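Residue numbering for the sequence shown follows this note's numbering, beginning at 3 and increasing consecutively. Quick notes on the structure that follows.
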Amino acid sequence: MQSNNWFNQFKYIQRKRVFLLITLLTIFHHTSSAQKDPQLREALSIMTKASISGDIEGIISQTSPRIIESMGGIDQATKLTKELYSSLIKYGVKIDSMINYVDMDVSKIDGIAYCFIPQVLVMSMPEKDKMAITSANLLALKEDETKKWTFFNFNKMDQEKIKLFLPEFNGKISLPPGLEKKTLVVQKEEVGKAVDHLMKLIDESVKRQN
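Below you can see the structure in the form of structure tokens.
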């Protein structure tokens with residue numbers, strides 16, 4: 003009995019670690035699709051290829067300089083990203099697909115072009131018959147000094163964090179309506195249905211905001 007309890011506790015701890023890794027993934031992983039802005043579409047495509055292949059340099063090149071700075075600079079950001087990929091391999095997590103809600107307009111504040119991109123992430127789990135599904139909010143930024151699109155994880159962002167990371171936006175934008183950020187674990191045959199449901203929720207949420 004004690005042996006079974008220990009084994010169950012071990013499995014619980016491992017699952018919690020996997021869920022944490024999935025949450026961290028939303029900082030770095032994005033997918034390309036038919037965005038309205040051609041340059042944004044291209045930037046998303048570059049990020050996707052880098053993320054799937056584990057090209058750390060490519061990932062960092064497409065990450066907002068504001069995030070890089072908050073991580074302690076390029077060297078530290080590179081180190082943390084490499085550690086993340088090593089952890090994914092260790093815990094048997096693999097990106098299977100990522101779906102963007104792309105019918106979003108590009109806006110501008112104080113010379114900064116931006117676009118919110120709701121996402122659904124689907125990942126393989128150590129349990130071969132199961133998949134993990136979660137939602138995320140990505141913020142694409144094009145700042146005057148860079149002249150290119152880079153990306154900013156907008157999960158769990160509140161007004162205090164906006165003041166810290168995006169002071170230009172403080173009091174000038176409404177936070178996008180968030181979905182429940184719980185990670186779903188479903189049987190493989192249920193993935194399509196679960197993804198369709200989440201995309202429908204995102205569509206309804208975006209239309210209510212507009």
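For each residue, glycine too, the CB sits at the ideal point set by N, CA and C. Note that this is a predicted model, so its numbers are computed, not measured.
Exposure of K163, with buried meaning 16 or more beta-carbon neighbours within 10 Å: Result: exposed.
task: Indicate the three-state DSSP secondary structure (helix, strand or coil) for K174 in the structure shown.
output: Note: K174 maps to coil in three-state DSSP.
- request: Can you tell me which of the three DSSP states V197 falls into?
  value: The answer is helix: DSSP assigns V197 an H, G or I state.
query: Is there contact between the stretch 185 to 199 and the stretch 130 to 150, where contact requires at least three CB pairs shorter than 8 Å?
result: With the cut-off at 8 Å, the stretch 185 to 199 and the stretch 130 to 150 touch.
- request: Go through the stretch 64 to 114 residue by residue and report every complete run of the alpha helix (DSSP H) that reaches 4 residues or more, in order.
  value: With a minimum length of 4 residues, the unbroken runs of alpha helix (DSSP H) contained wholly in the stretch 64 to 114 fall at 67 to 72, 76 to 93.
Runs of beta strand (DSSP E) wholly within the stretch 138 to 172 (minimum 3 residues, chain order): The stretch 138 to 172 contains these whole beta strand (DSSP E) runs: 151 to 155.
- prompt: By a C-beta neighbour count over all protein chains shown, 10 Å radius and 16 as the cutoff for buried, is L42 buried or exposed?
  reply: L42 comes out buried.
query: Apart from the five residues just before and just after G94, which ones in its own chain have a Cβ nearer than 6 Å to its Cβ?
result: The answer, listed in chain order, is P128.
message: Is the beta carbon of D112 closer than 9 Å to that of E44?
response: The answer is no: Cβ separation not under 9 Å.
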